[in-house]
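Per the working numbering, residue 403 is the first one in the sequence shown, and the count goes up by one each step. Each residue gets a CB set at the ideal place from its N, CA and C atoms; glycine is no exception. All values derive from a computational prediction rather than experimental measurement. Remarks on the structure that follows.
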Amino acid sequence: MPEVSTDHWEAAVEAYQAQLRAYFDERGRGDTVATQRTIQINSTLVPKRGDALVGHLERLTPTTLRDRDVLEVGSGFGALGTYLATTHGPRSLVGIDQQADLIGVATRAVHGAGLDDAIRFAQGDMVDLAPVADGSIDVVLVNNAFLYLTTRDAMTAALGAFRRVLRPGGWLLMYHANRWRWTEPFTGDPIVHLLPAPAARQVCRATGWRHNHGRVKLLSPPATRRLVRRAGFADVTVEPAGTTGRRRGPGRHVSGFFAVAGRRPNG
Ligand SMILES: C[S@@+](CC[C@H](N)C(=O)[O-])C[C@H]1O[C@@H](n2cnc3c(N)ncnc32)[C@H](O)[C@@H]1O
Numbered sequence: 403m404p405e406v407s408t409d410h411w412e413a414a415v416e417a418y419q420a421q422l423r424a425y426f427d428e429r430g431r432g433d434t435v436a437t438q439r440t441i442q443i444n445s446t447l448v449p450k451r452g453d454a455l456v457g458h459l460e461r462l463t464p465t466t467l468r469d470r471d472v473l474e475v476g477s478g479f480g481a482l483g484t485y486l487a488t489t490h491g492p493r494s495l496v497g498i499d500q501q502a503d504l505i506g507v508a509t510r511a512v513h514g515a516g517l518d519d520a521i522r523f524a525q526g527d528m529v530d531l532a533p534v535a536d537g538s539i540d541v542v543l544v545n546n547a548f549l550y551l552t553t554r555d556a557m558t559a560a561l562g563a564f565r566r567v568l569r570p571g572g573w574l575l576m577y578h579a580n581r582w583r584w585t586e587p588f589t590g591d592p593i594v595h596l597l598p599a600p601a602a603r604q605v606c607r608a609t610g611w612r613h614n615h616g617r618v619k620l621l622s623p624p625a626t627r628r629l630v631r632r633a634g635f636a637d638v639t640v641e642p643a644g645t646t647g648r649r650r651g652p653g654r655h656v657s658g659f660f661a662v663a664g665r666r667p668n669g
């Protein structure tokens, strides 16, 4: 990868803001508060999210992104991957997302910022990661994307794909919303995500609250750890978001978000 720097990130912020404005204008959604928020989340607010993600990686594993071949799975508009590529020194960074229109925004923004050689995006499904060669990646990052897999079969297939593309000794880091939280992560409404779907529907009808059953599948930290272990990862550890130490006791798994890491065993 050529030398990149925080100046490149500044250029990327401008390019992303322009591309995102065009993307939402084309869809007639340019002026909404939600759009403005999405643009911020994918430009000026990225460093905070990116540095937090790297913090989890560095606490849970012995690796960093520096000089590593990195894959970001579910890369969305690509701003997170672009920030990591320009400020955390990976050898290469590839972003994969299933949505062609988001890959289009990412590719145009990176081109606009003069970063074509620093980061590449490709369309693909995380259940097979077809565009990625076996054993070609040192670190797989999955930020707020795994929860869009709503069946155990899809989750198991995706974890198998993460393992396949990692080099022996390579690391997986996933970060997403915790099932064991008080409010639904997208709507902010209380407890409906903890109820079975039929009960959640009834409660929502009675209260006006909203849920996302069927659109996302929230897992608890212990359930995620079991799933990752069963997929053949070693040294699997979890960390609640927003803390730097290992807290003890049952309460340690109740947090809005959490990170989980696992290593592809050697051999
Ligand atoms: C909330 S966005 C996160 C984007 C990015 N990781 C970030 O943190 O800024 C989730 C992304 O996951 C992608 N996604 C969902 N299911 C996927 C799948 N099966 N394969 C690849 N990408 C997927 C969606 O298209 C969406 O862009």
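Grouping DSSP H, G and I as helix and E and B as strand, with all else coil, what is residue i?
i, result
"H613", "coil"
"T519", "The question names Thr, but residue 519 in the sequence shown is Asp. Coil, per DSSP."
"R565", "helix"
State the beta-bridge partners of residue i as determined by DSSP.
i, result
"Q604", "Partner(s): none; Q604 has no beta bridge."
"I498", "V475 and A524"
"T585", "P592"
"N580", "L621"
"V415", "The partner list for V415 (beta bridge, DSSP) is empty, contrary to what the question assumes."
Considering Cα atoms alone, identify which of the options is closest to residue i.
i, options, result
"T484", "R631, V638 and L495", "L495"
"A420", "A511, K619 and G537", "A511"
"M528", "R522, Y550, A515 and G514", "Y550"
"R493", "L467, G571, G476 and P600", "L467"
"A508", "R607, G658, Y418 and P600", "Y418"
"W411", "A481, L473 and Y425", "A481"
"L455", "R554, G653, P667 and A643", "A643"
"A661", "D469, T465, R431 and N546", "N546"
"A436", "C606, F588 and H490", "F588"
"A599", "T552, Q525 and G491", "T552"
"A487", "F523, A502 and I505", "F523"
"E474", "Q525, P652, P667 and T434", "Q525"
Do residue j and residue i count as a contact pair if the criterion is CB distance below 8 angstroms?
i, j, result
"L568", "V542", "yes"
"V638", "R631", "yes"
"P570", "G664", "no"
"F479", "L531", "no"
- Query: Looking at C-beta atoms only, is the number of pairs between the region 549-566 and the region 615-623 that lie closer than 8 angstroms three or more?
  - Reply: These segments touch.
- Item | Meets three-Cβ-pair contact criterion under 8 angstroms: the region 495-504 and the region 469-476 | The region 495-504, when compared against the region 469-476, does touch it at the 8 angstroms Cβ threshold.
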